[in-house]
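Peer 1: The following block contains the structure, expressed as C-alpha cells.
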Amino acid sequence: MVDLVDDPSAEGFRSVFGVPRVEGTLRARDFKSDQEVRWCPGCGDYAILAAVQGFLPELGVRRENIVFISGIGCSSRFPYYLNTYGMHSIHGRAPAIATGLATTRPDLSVWVATGDGDALSIGGNHLIHSLRRNVNLKILLFNNRIYGLTKGQYSPTSEVGKITKSSPFGSVDEPFDPLSLALGAGATFVARTIDSDRKHLTSVLRAAAAHRGTALVEIYQNCNIFNDGAFDLLKEPGVRGESVIRLEHGQPLRFGTDGRLVVLRDLATGELRVVEGVPDDDPAIVVHDAYQADPTYAFGLSRLGVGDLRYTPIGVLRSVSRPVYDDEVRAQIARATQHRPGDLGTLLRGKDTWTVPA
Amino acid sequence: MTKEVMQLDRVVIRFAGDSGDGMQLTGDRFTAETAVFGNDVSTLPNFPAEIRAPAGTLPGVSSFQVHFANYDILTSGDRPDVLVAMNPAALKANLADLRPGTTIIVDTHDFSPRNLQRAEYTSNPLEDDSLQSYHVHPVDLTQLTVDAVRQAAEGPDSAGEVGRKDAARAKNMFALGLVSWLFHRPTESTLEYLTAKFGDRPALLAANLAAFKAGWNYGETTEDFAVRYEVKPAALRPGAYRNISGNLALAYGLIAAGERSGLPLFLGSYPITPASDVLHELARQKAFNVYTVQAEDEIAGIGAALGAAFGGALAVTTTSGPGLALKSETIGLGVALELPLLVCDVQRGGPSTGLPTKTEQADLLQAMFGRNGEAPVPVVAPRSPADCFDTALEAARIALTYRTPVILLSDGALANGSEPWRIPDVESLPDLRPEFATGPNGDDGGFLPYLRDPETLARPWAVPGTPGLEHRIGGIEKADRTGEVSYDPDNHDRMVRLRQAKVDGIAGSLSPVEVDDPSGQARVLVLGWGSTYGPIGAACRRVRGEGLDIAQAHLRHLNPFPPGLGEVLHHYDRVVVPEMNLGQLALLLRARFLVDVYGYHKVRGMPFQAEELADLLKGVITGG
C-alpha cells in the first residue's frame, strides 16, 4: 500500500494509503462510542457527528488506525463520541499535536476537529503552518461564528456589528473568511459545506479523504443557543437556491431560480461577480476548476460570500497536489537509514578520541 | 635557540577578540589539541548575543577560556594565566579578571587612536604604565600574519593570492600557533581540521596554514618568548576519551535513549539560544531514526512532541526559559494525559529575553511549579557538560517508566562548555524498552486507560493502531481507571493525589543522596545542583587543602529529591547552598525539610569562581 503514496495518479482515498485495511466492512454504529453525547439539543454538531460516523466506514481502514484530535470548544468534544483513538487537547493546538502524530505514524488516518475560535483565534498560527507544510491531516472546522462553550462572545468569524455579551455595542472586529485565510497560507485542499446537508457534507468528506496533504473543510454549523439561524440564508428552502453556489468540477457556475444567476469573471481585473441574465455562451461565465495550480481563482470564489453570505459557494474550491510534509520527512529518514543505519558506538566515539592506558 | 621549559600543573588561557575574530574557533582548536594531548580540560565560551556587534567596541568582545591540567579539574578556571587580546576592547574588557603577573599577548595592530577611543581608552595602555604589573608581549599579529600569508603566496607551492582582508582574518591562526608553541601542544589535529575546512579553497587553506605555522615559528625564534611551558597529561580513568560540549552530550544522550528504548526519537523544537545546537545535531542524525520538526513556535514544538508521544515515540522538546513559559499549558496536558515527554530547558539569564548567551539557574521554580493546577513534574539537572549524556538517559527512564513529562534543566555554561568524556560502552547503557499495552486490562474484558501499575502508578501506554484498545484521552479531569470525563469532586481529589503520589514515588527508584565527606568530621555541608558542581567541587578541594573539613553533596534529582536528603541536611550544623539565582533550591529545601539553609546567590550570567566559593565556605566553617 505504501508504494501508492508515491504515485500521484493512484485513485481512491489517497490520504489513507499506507493505513492498514479493515477485513470485512465496518458500519456507522461501529464508530459510536459509549459516551453520552452532551451538545445542546438541536446543535448542528449532532448532524456533523452522524455524517462523519456514516462516512468513516467508506475509508475501508481499521478503526484502531483512525485518530481524531481536537482542541477546546463545543466542536472539540467530537473525539469523545467516536469509537476511534482520540485526544481532546488544549485550546488551538490540535493541528500541532496532530502534526507530530501524523509525521511519526504513516499507518494512521489523522483527523482534526476544531471550531472558529479554536482554529482561527487562539490556534491561528498552527492552522496556517499545517496548511503551508501540507501535513496529511483532515481538518474539520466547525464554523458557527460565535463562542459557544464560553457562552456567547463574538468569534473571529462573527460579522461586524454583531451584538454579543462581549460586544454589547456591536463588534468592531473585521472577521476572517477561513477559506481565504487557508488559501493565503498555501492550502492544497479547501472546501466548504453545511451541517444540515448530509449528502453534501458526506461528499466533501469523501473528497477530503481522497486528498493527500492537509484538507481544510469548513462546515457551517448552527449554534441554536447563541447564534441561531446564522446560516438560514443557505438553508431555508425558499431562499437557499438564490444564495448557494454549488461547485462541481467542470460545470458552469449558474444558480438561482431557473439558473438566472451566474458567476462571471471580469476579463479585465479577473474579479469574480454574481450577475443576472447572462446568456449561456458568454465566455466570461466561470466554469468551475478545482485543480487550477494558481490559487487566484479559488481565492476569488472564497470572497464571494464574505460579509452577508449572500452568494456562498459550497463544495471543493481547490484541490491540488503538492509534496506532503510528513511523507517528505519520512523519506529523508528512510534515505538516511537505508544509506547507512546509525551505529551508536561509532557516533559516540566521534573523530577526535584518545586513550588513557590502564 | 633552545628555550627554557617550565613545568606547570595547570594553566588557564583566555582568547579574546572581536566577535568577528574567530575566538570561539581558536578556543575550540586549542581545546582539541589539549584534549588529544591527554590533559584534563574544561572550557567556557563567552560571547555577545549580537551576531556582529560594532567592531572594536566593548560589547562586541567575544572570548573563550580553556583550563587544562595534569590532574582532573572541575571548572574552566577563575582567572586566566594567559590572556590573548586581539584588540584594545578585548584587552580592556578582560583586564579586571587578571591577577598581577599574568601573561598578556596582545595584537598591537589595532591600537590606533580611533580604536582606542572605540574601546573607551583615553590613553594607549601599551604606552602608559597601566600594564606594568603584567607580563606583556606586544606583537603585531595582524601584520605578521599578512606578511606570512603573502610570503606563502609567492613561494613555490603557492595556491594563489588572497586579499589583504582574508590574509588578516587568519590572524587567529597565528595566535593559535603561537600559544600552541608556548604550551607544547600537538598540532596535527589543527592541521587536519584546516585541511578539511578549507580543502576546496586552496588559497584560503594556504593562508591559514601559513599563519598557524608562522605563529609557531614566531615563538620559536623571537627572544620575546624565553620560556616554554609544559603541562603533563592527566592521570584520568583508563578508557577512550573525547572532548564534548553539554549540548552535544545532551543530543547524544537523547539519541542513545532512542536506541536503548527501541523507539523512534522525535524532537519538536523552535530555535532558541542557547538550546538550538541540540536541534541542529538531532536534525543531522536521521540515520538513527530521528524525527525533527522545526515548529512554528514553542507551543507547536511541544505539541508535536506530545502528539508523537501519543503515537509511541520517545518525544522531546528543547528550549530555554522563555520557551518553557510558553510550553507550560502543554506540559500540564502531558501531566493529565500521563504520556512520556522530555522537556529540555537550557537555562539562560532571565526574566523575559534576559541574557540569551549567559548562564543562570533561575528556572528551577518555573520547572517545579510553572503550571496551572496541581501539576507535578519530575525535574533533573546535569552537573557537567558530559553529564548531560547520562542525565538525558535518566530523564528518559523516568518519563518512560512513569508515563510523565520530565523537565531536564541544563544551562548556558553546560551547553557551550566542554570537557573530556570517557566514552561509554553502548551495552552498558540502561535498557529503556517500554511495555506497550496490547490487550484489555479490565475484569470485564474492556480497556481501562487509567488503570495503574500498582508499583509505579503508571497508566498503560496504548498507542493508536492497537486493536481493541480504542480510547479517548484529554485535558478534562478523568475518572480513575476508566479515563472517562468526570466532574465528580471525590474523583478529582483522588486523581490529583494519585498524580502527585506517582511523581513522589519515583524517589523509590533513586539511589540515596551521596555525600562526599572524606574526613567524616565536617560540620558544614555545601549542597548544589546543576552546573555549579564544578566550582563547588573545586572550592571544596581548596578548603580541604587548607586543612578544613567540608562535606559536599550535589543533586541530580530535584523533583522528587533522592531518598535520605532530609537526614543528610539535618546531620550538619550548617548547610550552604550556592545558586545562580536568588535562592530557589534553598526555598524548596526550607519548605520541605524545615532546615535553615545558608544561601549564596549570584546572577551575573557567569559561573561561580572556585576562589569566591572557597572563601565563602572557609568563612562559614570558621564562623566568620
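Residue numbers (my numbering), protein chains in the order written: chain A, 9 to 366; chain B, 445 to 1068.
All residues carry an ideal CB built from backbone N, CA and C; glycine is no exception.
From a predicted model like this one, the values you see are computed outputs, not experimental measurements.
At what residue ranges does the segment 57-145 of chain A contain a whole run of the alpha helix (DSSP H), taking only runs of 4 or more?
Peer 2: Correct list: 102-112 and 132-141.
Peer 1: Counting pairs of beta carbons, one from the segment 861-870 of chain B and one from the segment 350-361 of chain A, are three or more of them closer than 8 Å?
Peer 2: Yes: the two stretches touch, three or more of their Cβ pairs being nearer than 8 Å.
Peer 1: Only counting runs of 3 or more residues, tell me where the beta strand (DSSP E) segments fall wholly within the segment 660-729 of chain B, in order along the chain.
Peer 2: Fully enclosed beta strand (DSSP E) runs of 3 or longer: 671-675, 683-689 and 709-713.
Peer 1: According to the Cβ coordinates, are residue 113 of chain A and residue 755 of chain B closer than 7 Å?
Peer 2: Contact flag set, yes.
Peer 1: DSSP on residue 319 of chain A, reduced to helix/strand/coil?
Peer 2: Note: residue 319 of chain A maps to coil in three-state DSSP.
Peer 1: Quick check on DSSP: helix, strand or coil for residue 152 of chain A?
Peer 2: Reduced to three states, the DSSP call for residue 152 of chain A is coil.
Peer 1: Could you tell me whether the segment 887-896 of chain B touches the segment 822-834 of chain B, using the rule of 3 or more Cβ pairs below 8 Å?
Peer 2: Touching, no.
Peer 1: Do you know how far the Cα of residue 584 of chain B is from the Cα of residue 707 of chain B?
Peer 2: Going from the Cα of residue 707 of chain B to the Cα of residue 584 of chain B covers about 56 Å.
Peer 1: Could you tell me which whole alpha helix (DSSP H) segments of length 4 or greater appear in the segment 973-1035 of chain B?
Peer 2: Listed in chain order, the complete alpha helix (DSSP H) runs (minimum 4 residues) inside the segment 973-1035 of chain B are 977-989 and 1009-1015.
Peer 1: For residue 806 of chain B, which of helix, strand or coil comes out of DSSP?
Peer 2: Coil, per DSSP.
Peer 1: Count the other CB atoms within 10 Å of the CB of residue 518 of chain B; is the residue buried (16 or more) or exposed (fewer)?
Peer 2: So residue 518 of chain B counts as buried.
Peer 1: Is there at least one Cβ from chain B nearer than 7 Å to residue 72 of chain A's Cβ?
Peer 2: Yes, its Cβ sits closer than 7 Å to a Cβ of chain B.
Peer 1: Of all the residues that make up the segment 871-894 of chain B, which are near chain A by a beta-carbon distance shorter than 7 Å?
Peer 2: For the segment 871-894 of chain B, which is checked against every Cβ of chain A, not one residue is closer than 7 Å.
Peer 1: At least one CB of chain B closer than 7 Å to the CB of residue 349 of chain A: is that the case?
Peer 2: Yes, contact with chain B.
Peer 1: How should residue 996 of chain B be labelled, buried or exposed, when 16 other C-beta atoms within 10 angstroms of its C-beta is the threshold for buried?
Peer 2: Answer is buried; the Cβ neighbour count reaches 16.
Peer 1: Quick one: which unbroken alpha helix (DSSP H) runs of 4-plus residues sit fully inside the segment 868-955 of chain B? Chain order, please.
Peer 2: The segment 868-955 of chain B contains these whole alpha helix (DSSP H) runs: 933-948.
Peer 1: Using 8 Å as the cut-off, can you tell me whether the segment 668-687 of chain B makes contact with the segment 476-491 of chain B, which would need three or more C-beta pairs spanning the two stretches below that distance?
Peer 2: Taking 8 Å as the limit for Cβ pairs, the verdict is that the segment 476-491 of chain B does touch the segment 668-687 of chain B.
Peer 1: Please list, in chain order, the residues of the segment 101-124 of chain A that have any C-beta partner in chain B closer than 9 Å.
Peer 2: Answer in chain order: 101, 102, 103, 104, 105, 106, 107, 108, 109, 110, 111, 112, 113, 115, 116 and 118.
Peer 1: Classify residue 11 of chain A as helix, strand or coil using the three-state DSSP reduction.
Peer 2: Low confidence applies here, because residue 11 of chain A scores a pLDDT of 48, under 50, leaving its location unreliable; read the following figure in that light. Residue state, collapsed to three classes: helix.
Peer 1: Relative to the alpha-carbon of residue 920 of chain B, which residue among A:58, A:37, A:88 and A:147 has its alpha-carbon at the smallest distance?
Peer 2: Among A:58, A:37, A:88 and A:147, the Cα nearest to that of residue 920 of chain B is on A:88.
Peer 1: Measuring alpha carbon to alpha carbon, tell me which of A:292, A:197 and A:326 ends up nearest residue 220 of chain A.
Peer 2: Nearest C-alpha to residue 220 of chain A: A:197.
Peer 1: Span of the beta strand (DSSP E) holding residue 786 of chain B?
Peer 2: Residue 786 of chain B -> beta strand (DSSP E) spans 785-791.
Peer 1: Residue 730 of chain B and residue 344 of chain A look like a contact to me (Cβ under 8 Å); what is the Cβ gap, rounded to whole Å?
Peer 2: About 4 Å separates the two Cβ atoms, so the contact holds.
Peer 1: Report the option in A:63, A:170 and A:366 whose CA atom is closest to the CA atom of residue 315 of chain A.
Peer 2: Among A:63, A:170 and A:366, the Cα nearest to that of residue 315 of chain A belongs to A:170.
Peer 1: Whose C-beta lies closer than 7 Å to the C-beta of residue 874 of chain B among residues of the same chain, with five residues either side of it excluded?
Peer 2: Answer for residue 874 of chain B: 704, 837 and 841, listed in chain order.
Peer 1: With DSSP as the reference, identify every bridge partner of residue 226 of chain A, one or two as the case may be.
Peer 2: DSSP, once it has assigned bridges, lists A:149 and A:200 as partnering residue 226 of chain A.
Peer 1: Could you tell me the distance, in whole angstroms, from the CA atom of residue 229 of chain A to the CA atom of residue 130 of chain A?
Peer 2: One C-alpha to the other measures close to 19 Å.
Peer 1: Report yes if the C-beta distance between residue 633 of chain B and residue 477 of chain B is below 7 Å; otherwise report no.
Peer 2: Going by C-beta atoms, residue 633 of chain B is nearer than 7 Å to residue 477 of chain B.
Peer 1: Compute the Euclidean distance between the alpha carbons of residue 193 of chain A and residue 312 of chain A, then round it to the nearest angstrom.
Peer 2: Cα to Cα, residue 193 of chain A sits roughly 19 Å from residue 312 of chain A.
Peer 1: Relative to the C-alpha of residue 509 of chain B, which residue among B:493, B:473 and B:498 is closest?
Peer 2: The shortest Cα separation from residue 509 of chain B among B:493, B:473 and B:498 belongs to B:473.
Peer 1: If you check the beta carbons only, do residue 906 of chain B and residue 913 of chain B fall under 7 Å apart?
Peer 2: Result yes, Cβ atoms of residue 906 of chain B and residue 913 of chain B sit closer than 7 Å.
Peer 1: Determine which residues share a DSSP beta bridge with residue 762 of chain B and list them.
Peer 2: B:788, per the DSSP bridge assignment.
Peer 1: Can you tell me whether residue 276 of chain A sits near the ligand ATP, meaning its C-beta is under 6 Å from at least one heavy atom of the ligand?
Peer 2: Among the ligands in the structure shown, none appear at all, so the ligand ATP cannot be discussed.
Peer 1: What do you reckon, are the CB atoms on residue 1069 of chain B and residue 839 of chain B nearer than 7 Å?
Peer 2: Here chain B covers residues 445 to 1068 and nothing more, so residue 1069 of chain B does not appear.
Peer 1: If the cut is a Cβ gap below 7 Å, which residues of chain A does residue 732 of chain B touch?
Peer 2: In chain order: 350.
Peer 1: Can you give the beta carbon distance from residue 926 of chain B to residue 894 of chain B, rounded, assuming they're within the 8 Å contact cut?
Peer 2: Yes, they are in contact, since the Cβ atoms of residue 926 of chain B and residue 894 of chain B sit about 7 Å apart, within 8 Å.
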